[in-house]
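Taking numbering that gives the first Met the number 0, the leading residue of the sequence shown gets 0, the next gets one more, and so forth.
Backbone N, C-alpha and C fix where the C-beta goes; we use that ideal spot for every residue, glycine too.
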Amino acid sequence: MGEFSIWHWLIVLLIVIMIFGTKKLKNMGSDLGEAVRGFKQGMKETDALAEKTAETDAAATAATPPPQVTASAKSPLGTRAEQAEDIAFKAK
């Protein structure tokens, strides 16, 4: 009872054809096809743009060298040698 048989679908198709007519159904089908093609083309363009942007970002990242870290900043505690001298001096 809950399933549609082929006869149910044929009756529905006949009613749709009677309401809209074959010409409108043909136009609706071609419009739907154009919409699907436009959507696919838009997706391809978006993917191509995303790949191009990713390549540009990767090239820009590779072109800039990483920042150099200098050892000029001294620790507030000094070097290990200075710390050892302080401990030895305090022990005397």
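Here DSSP, grouped into helix, strand and coil, assigns residue 67 to coil. The distance from the Cβ of residue 16 to that of residue 24 is about 7 Å, consistent with a contact at the 8 Å cut-off. Using a Cβ distance threshold of 9 Å, residue 27 and residue 19 count as a contacting pair. Rounded to the nearest angstrom, the gap between the Cα atoms of residue 22 and residue 49 is 41 Å.
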